Each structure stands twice: as structure tokens, then as C-alpha cells.
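Chemist: Below you'll find the structure I mean.
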Amino acid sequence: MILFPAIDLFEKKAVRLYKGDYANMTVYSENPIEIARDFEQKGCRHIHMVDLEGAKDGTTPNLSIVEQVARETSLFVEIGGGIRSMETVERYLNAGVSRVILGTAAVTDETFLRQAVEQYGEKIAVGADVKDGYIAIKGWLEQSALSLEEFLQKMEDIGVKNIICTDISKDGAMRGTNLALYRQLSEKFRMDITASGGVSTMEDIYQLREMDLYGAIIGKAYYTGAIDLAEALEAAK
Numbered sequence: 009m010i011l012f013p014a015i016d017l018f019e020k021k022a023v024r025l026y027k028g029d030y031a032n033m034t035v036y037s038e039n040p041i042e043i044a045r046d047f048e049q050k051g052c053r054h055i056h057m058v059d060l061e062g063a064k065d066g067t068t069p070n071l072s073i074v075e076q077v078a079r080e081t082s083l084f085v086e087i088g089g090g091i092r093s094m095e096t097v098e099r100y101l102n103a104g105v106s107r108v109i110l111g112t113a114a115v116t117d118e119t120f121l122r123q124a125v126e127q128y129g130e131k132i133a134v135g136a137d138v139k140d141g142y143i144a145i146k147g148w149l150e151q152s153a154l155s156l157e158e159f160l161q162k163m164e165d166i167g168v169k170n171i172i173c174t175d176i177s178k179d180g181a182m183r184g185t186n187l188a189l190y191r192q193l194s195e196k197f198r199m200d201i202t203a204s205g206g207v208s209t210m211e212d213i214y215q216l217r218e219m220d221l222y223g224a225i226i227g228k229a230y231y232t233g234a235i236d237l238a239e240a241l242e243a244a245k
């Protein structure tokens with residue numbers, strides 16, 4: 009299982025939200041590149057990044073930070089948040105990003121999604137952000153009419169290979185991840201699934217690894233010191 013430590017970006021700072029609430033934001037660093045270097049020094053090979061400003065309004069205000077991480081580290085960089093056009097996909101890939109994550113656009117613009125998957129294949133992932141069983145969009149501020157399973161079946165049919173599934177109710181709460189959800193999804197779908205939201209203990213990592221999941225994202229647990237990254241990397245292997 010691949011471990012993806014996360015950097016969420018807001019005004020070029022590394023921050024974390026509590027359950028997706030922009031009014032409940034903690035700034036952990038004014039210098040995200042230093043955090044990315046720390047990930048690398050601890051043995052990580054991958055990083056998950058989210059532009060929280062972009063997620064709300066579809067822009068790329070933190071592109072320079074993402075580009076710096078891609079350029080100045082050897083990390084496999086995946087980025088999500090506000091990617092709603094082929095132009096933005098290309099901008100990130102040209103900046104050295106390894107994979108871009110479509111969220112809102114995967115729900116609202118099927119033509120764009122199909123074009124991106126057809127052109128870039130496995131460089132395109134889809135974020136399935138779930139709240140009360142339904143897919144949330146626009147920085148988790150709106151709820152769509154699509155159930156999680158309905159949405160994932162559609163993604164599989166379109167040819168999406170990689171899904172990052174976030175249980176919003178668990179995100180940043182440090183109360184464990186939704187193991188039952190990921191077990192159910194891993195048994196039902198053939199896509200590579202990354203667990204996101206509430207991965208906060210070594211036991212979470214052991215359990216997710218036992219399911220043979222593709223990946224797990226560690227966010228707040230790294231910043232608070234609840235999980236030792238080097239230890240977590242060993243556990244994920």
C-alpha cells in the first residue's frame with residue numbers, strides 16, 4: 009500500500025480543515041516546501057496535495073508551490089482542487105505533477121472527464137468525496153444527487169483507474185477512518201482506491217493494508233505527531 013502524506017494549500021500555506029469546514033482551519037506551516045522535504049527525508053516517495061482555494065472557485069492560486077515541490081523533490085506529486093479544464097490539467101502536468109485529481113468536474117462535466125481520461129489515462133484520478141452517502145462538490149460546500157456507489161460505477165465504466173475516496177465526516181477529526189466503507193469498495197470495484205479522511209492511528213494503516221488497498225492519505229495525524237511517518241511507511245509495506 010502506498011502512503012500519501014498530504015499538504016493542503018491555502019494562501020500558499022500548509023493548512024488543515026476540520027471536516028471540510030473552511031471556517032475551522034489550522035495553519036501548520038508558512039513554508040509547504042519544507043514539509044515536502046521532510047516527507048522525502050523520512051522515506052516517502054509520494055505526496056498528495058490539495059489547493060483548497062482552487063477547490064472553491066476553480067482557479068490555481070497555489071500552482072507555484074506545487075511546481076516547486078515537483079521540481080525540488082523526487083516525490084510523485086498528485087494534486088487536486090479546482091481542476092475543471094484541459095488547460096488546467098496541462099498546466100499542472102507541464103509543471104512536473106505526476107497525476108491530477110478531478111473532483112467537482114468529474115461530477116458536473118462528463119465530456120471533460122472523458123476527454124482527460126482518454127488523453128492522459130492513468131495520469132487522471134478522480135476524487136470521490138462522500139458525505140451522508142452522497143458525493144460532495146465545490147470544496148465540499150455542495151452536495152450532488154449522486155450516491156457514492158452510483159458515482160464509482162460510472163467512473164469505472166468511463167475507464168478511470170484511480171479513486172481517492174474521502175469520508176468527509178472523518179476528515180481531520182482524528183477518530184479513525186471508515187474501515188467498513190473501504191472494505192466494501194475494495195470488494196466491489198476494480199479501480200485503485202486510496203483511503204482518505206481520519207487515518208489517524210497505526211491500526212488504521214495496518215487494517216487498510218490488510219484490505220490490499222492501493223493507498224492511504226495521512227494528513228492531520230502527521231502534523232500533530234499522532235503518527236510517526238517512518239513507522240507508518242514500514243507498516244504500509
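Read the sequence shown against this note's numbering and you will find it ends at 245, with the numbers running on by one and no gaps.
Glycine residues also receive a C-beta, built at the ideal position from the N, C-alpha and C atoms.
Please read all numbers here as calculations on a predicted model, not as lab measurements.
1) Quick one: residues in its chain with C-beta nearer than 8 Å to the C-beta of Gly-51, no 5 flanking neighbours on either side, listed in chain order?
2) Should Glu-211 go down as buried or exposed, given a rule of 16 or more other Cβ atoms within 10 Å for buried?
3) Who pairs with Val-85 in a beta bridge, going by DSSP?
4) Spell out the partners DSSP gives Asn-170 in its beta bridges.
5) Does the pairing of the segment 55-74 with the segment 101-118 give three or more beta-carbon distances under 8 Å?
6) Less than 8 Å between the CB atoms is what I'm expecting for Leu-17 and Ile-73, so what's the real figure, rounded?
7) Specify the secondary structure class of Ala-103 as computed by DSSP and reduced to three states.
8) Would you mind working out which of Arg-24, Ala-124 and Thr-116 sits nearest Glu-95, comparing C-alpha positions?
9) Beta-carbon within less than 7 Å of Arg-198's beta-carbon, same chain only, minus the 5 sequence neighbours each way: which residues are those?
10) Once you ignore the five residues that flank Gly-135 on each side, which residues in its own chain have a CB closer than 6 Å to its CB?
11) Can you name the start and end residues of the beta strand (DSSP E) that Thr-67 belongs to?
12) Pick helix, strand or coil for Arg-79, following the three-state DSSP scheme.
13) Among Ile-91, Glu-126, Ile-213 and Gly-184, which residue has its Cα nearest to the Cα of Thr-68?
14) For the candidate residues Ala-229, Glu-126, Tyr-30 and Glu-150, whose alpha-carbon lies nearest to that of Ser-204?
15) Taking the alpha carbon of Asp-65 as the reference point, which residue from Ile-145, Ser-37, Gln-215 and Val-77 has its own alpha carbon closest?
Modeler: The answer reads as follows:
1) Leu-237, Ala-238 and Leu-241
2) exposed
3) Ile-55
4) Asp-200
5) yes
6) 6 Å
7) coil
8) Ala-124
9) Glu-164
10) Gly-88, Ile-109, Gly-111 and Ile-172
11) Per DSSP, Thr-67 belongs to no beta strand (DSSP E) and is neither H nor E.
12) helix
13) Ile-91
14) Ala-229
15) Ile-145
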